[in-house]
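Protein chains in written order, with my numbering: chain A, -10 to 293; chain B, -10 to 293.
Just so it is clear, CB atoms sit at the ideal spot from N, CA and C, and this is done for glycine as well.
Computed from a predicted structure; not experimentally measured.
Number of protein chains: 2
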Amino acid sequence: MMRVTMRQLQVFEAVARLRSYSRAADEIHVAQPTVSKQIRLLHEEIGLPLIELIGKKVFLTQAGEELYATCSAWLDSWGRFEQTIADLKGLKQGRLSIAAVTTTKYFMPRMLGPFCSQYPGIDISLEVVNRDRLLERMAQNQDDLYVMGIPPEDISTQSEPFLENPLVVLAPQFHPLVAKRNIQFSEVAHEQFILREHGSGTRLAVEKVFEERGFPLRVKMELGSNEAIKQAVAGGLGLSVLSKSTLNLDATQRDIAILDVDGFPIKRYWYLVRPRDKQLSVVAKTFMEFLKQHIDLLNPYGSR
Amino acid sequence: MMRVTMRQLQVFEAVARLRSYSRAADEIHVAQPTVSKQIRLLHEEIGLPLIELIGKKVFLTQAGEELYATCSAWLDSWGRFEQTIADLKGLKQGRLSIAAVTTTKYFMPRMLGPFCSQYPGIDISLEVVNRDRLLERMAQNQDDLYVMGIPPEDISTQSEPFLENPLVVLAPQFHPLVAKRNIQFSEVAHEQFILREHGSGTRLAVEKVFEERGFPLRVKMELGSNEAIKQAVAGGLGLSVLSKSTLNLDATQRDIAILDVDGFPIKRYWYLVRPRDKQLSVVAKTFMEFLKQHIDLLNPYGSR
DNA sequence: CAGAATCATAGCCAACAATATATGGTTTTC
DNA sequence: GAAAACCATATATTGTTGGCTATGATTCTG
């Protein structure tokens, strides 16, 4: 009984609705015998008469009524499905799920805003998590896109930089070097540093620079949050190196200053990452396109 | 987009449910590439990816989820439909609509009773109407079966007798002829008669007999109801000829007697009538079968 | 790392769905 | 009663579906 075809149901529905074979044939744009045949096949398949012709009038049997109800409902829900697909294609609706590492919370929301207003039907979810959580989510294919400072080596991912992510040296407002330009690296190398824990992208980069320059890195304190580090620097506990993104750009930071040290800012990037063989949804593609177009406007460090 | 086939949806549903191509292939008893192909066709038809393979795990895209929901619902409602059909075939449910002329109300309910209890899932509707109303209903195909004393000449109907319907001569309890056997027709011919109106089947039969025997029929009163006629006869207003069915069989009629007149009872039948080219429902067929089997038990005048 | 499991692709084929045209029989309508 | 409308049947054709086998690529699992 699974051999009933959609076409047959479509034809039947038209006949049942219009109570006429020939009008149904017109509506579907086929010849009348085609309709007759489809209906006959349906009868044979189901094993009960569905339609009665008394005189030339079309009546439905009880089984016919049942089928009519069933396939009306079906055509209805299929119609809704087609509409949904059309909407998805036309970006009139959809979901975009992004997971990003913590530091991005300083600028990601700002980038999502304009996208949201251009595509009001699209729901965006931005999960802000630490790097480990993010990798977990990636492994489980929970999101469309991921944003991180250091893309995984893993060949099963694809990544591209989309935004500069300079690392700058921070010092307390009244540190002696604040006013100086072109500070030599050696001048800050002996300072005490307050950094993120081992494994953090920023920490890795700093260690690498010190190693290249041949200076030992003196870490006074490890803190798990950028905010805490800024507070510590402001309090005069030491210097730090952080992504410039962490600085509040609007209200000028009163108690912290950026030192103009040679070799800084370290040029790094924020990467958009996705599973290599994940077919991006239309929404996700559009979002990436959108980012590329608007990046100049949004990038506060854009090298214009 | 109407070219999606049921088979494809069935395959997709299985894949989506089992989250595996090969297990789906097993379940449906086809080779794995067949599943791959169906899914690919579906993708092409819909124009959006529905399934993602990350590693070897099966994920559904948003469009996939939509389709899954849609076609789960469909399979569900199709299943219910199949069940309904099976029930109809197996007589576990159904409707039987019968229209019968007024006089049959004295015995039809009694015949329906056992059928009802044998097929408790079947709803029976018995419409008791006059002959004209019944013909109207027949023209509009409102019922499955019709019961009447004189089937229409109309070739567009088919009829078969199923029950005897003898017409008997009724007289008041204390009429002089009540005690007599083998009464000559001439002995009652001069009596006053109380009959149904012209056009009634009974009336026609009586007129015919009188004509055959060469006596004028003297009609004292025409009444529209059998009950009224019985009352009139009991009241001594005259004799009458009625279907024996109209007499209450249980409680012996105290004030009316049947005369044993030569030529009576007139042998007539109740007919089951149906539109010639109406395919009978399984229920209706079963009911006719049932009647034939039980008629001897039910027929109070059976010629055993 | 080897083997097992899983999915994709290619190529082929039988079966069938879907359709048209031509024609004939009823029923309805004018 | 003739014409029109309507449905059934017969037959031929065409494209597609649904299926298989064989093989290759990738990923997961001991």
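Looking at the C-beta of residue i, does it have a partner C-beta in chain A at a distance below 8 Å?
i, result
"glutamate 201 of chain B", "no"
"glutamate 55 of chain B", "yes"
"lysine 81 of chain B", "no"
"alanine 240 of chain B", "With a pLDDT of only 47 at alanine 240 of chain B, under the threshold of 50, the placement of this residue in the model should not be trusted; the figure read from the coordinates follows. It does not: the Cβ of alanine 240 of chain B has no partner Cβ on chain A nearer than 8 Å."
"proline 140 of chain B", "no"
"glutamine 21 of chain B", "no"
"isoleucine 284 of chain B", "no"
Consider the Cβ of residue i: report whether some Cβ of chain B lies at a distance smaller than 8 Å.
i, result
"methionine -5 of chain A", "yes"
"arginine 8 of chain A", "no"
"threonine 50 of chain A", "yes"
"glutamine 107 of chain A", "no"
"serine 189 of chain A", "no"
"glutamate 2 of chain A", "no"
Can you list, in chain order, the residues of its chain whose CB lies under 8 Å from that of residue i, leaving out five sequence neighbours each side?
i, result
"lysine 294 of chain A", "One cannot answer for residue 294 of chain A here, as it falls past the ends of chain A, which runs -10 to 293."
"valine 4 of chain A", "Tyr10, Ala13, Val24, Ile28, Ile40, Val47"
"aspartate 249 of chain A", "Lys169, Arg170, Asn171, Ile172"
"leucine 226 of chain B", "Gln181, Ile183, Lys209, Met210"
"aspartate 266 of chain B", "Ser145"
"alanine 273 of chain B", "Leu85, Asp133, Leu134, Arg263"
"methionine 127 of chain A", "Ala88, Tyr135, Pro141, Thr146, Val262, Pro264"
Excluding the 5 residues preceding and the 5 following residue i in the sequence, name in chain order all residues of the same chain whose CB lies nearer than 6 Å to its CB.
i, result
"aspartate 76 of chain B", "Gln82"
"arginine 192 of chain B", "Leu184, Arg185"
"serine 190 of chain A", "Note on identity: in this sequence residue 190 of chain A is glycine, with serine being the wrong assignment. These residues qualify, in order along the chain: Gly138, Ile139."
"phenylalanine 199 of chain A", "Leu206"
"isoleucine 255 of chain B", "Leu156, Ala194"
"alanine 246 of chain B", "Ala160, Gln162, Val167"
"phenylalanine 204 of chain A", "Ala178"
"alanine 240 of chain A", "Residue placement at alanine 240 of chain A is poorly supported in this model, since its pLDDT is 47, which falls under 50; the coordinates are not used for a value here."
"glutamate 16 of chain B", "Ala3"
"glutamine 120 of chain A", "Note on residue identity: the sequence assigns arginine, not glutamine, to residue 120 of chain A. Once the five neighbours on either side are set aside, the close Cβ partners of arginine 120 of chain A are Val90."
"arginine 202 of chain A", "Phe174"
"glycine 252 of chain A", "Phe174"
"alanine 52 of chain B", "Leu37, Leu39"
Going along the chain, which residues of its own chain have a beta-carbon closer than 7 Å to the beta-carbon of residue i, five neighbours each way excluded?
i, result
"leucine 56 of chain B", "Phe1, Leu39"
"leucine 31 of chain B", "Val(-7), Gln(-3), Phe1, Leu39"
"serine 229 of chain B", "Leu159, Phe182, Ile183, Leu184, Ile218, Val222"
"leucine 101 of chain A", "Ile113, Leu115"
"phenylalanine 279 of chain B", "Phe104"
Alpha helix (DSSP H) segments (min. 4 residues) lying fully within the region 87 to 133 of chain B: 97 to 107, 120 to 128
If the cut-off is 9 Å on Cβ atoms, which residues from the region 34 to 45 of chain B count as contacting chain A, listed in chain order? Ile35, Gly36, Leu37, Pro38, Glu41, Leu42, Ile43, Gly44
Would you be able to state if there are at least three C-beta pairs under 8 Å between the region 212 to 220 of chain A and the region 104 to 116 of chain A? no
To test your reading of the DSSP string, which unbroken alpha helix (DSSP H) runs of 4 or more residues are found completely within the region 172 to 227 of chain A? 174 to 178, 190 to 202, 215 to 223
Taking beta-carbon pairs under 8 Å, can you tell me which members of the region 59 to 77 of chain B lie near chain A? Thr59, Ala62, Trp63, Ser66, Trp67, Arg69, Phe70, Glu71, Thr73, Ile74, Leu77
Contact between the region 62 to 75 of chain B and the region 56 to 67 of chain A (3+ Cβ pairs under 8 Å): yes
Chain-ordered residues of the region 250 to 279 of chain A with a beta carbon less than 8 Å from chain B: Pro264, Asp266, Lys267, Gln268, Ser270, Val271
At 4 residues or longer, and completely inside the region 9 to 38 of chain A: list those alpha helix (DSSP H) runs for me, N to C. 10 to 17, 21 to 35
In chain order, what residues of the region 109 to 137 of chain A put their CB closer than 8 Å to some CB of chain B? Asn130
Going along the chain, which unbroken runs of the beta strand (DSSP E) with 3 or more residues stay wholly within the region 237 to 280 of chain A? 245 to 248, 258 to 264
By the 7 Å beta-carbon criterion, what residues does the region 82 to 96 of chain A contribute toward chain B? Gly83, Arg84
Below 8 Å, how does it come out for the region 259 to 269 of chain A and the region 174 to 183 of chain A: are there three or more Cβ pairs, yes or no? no
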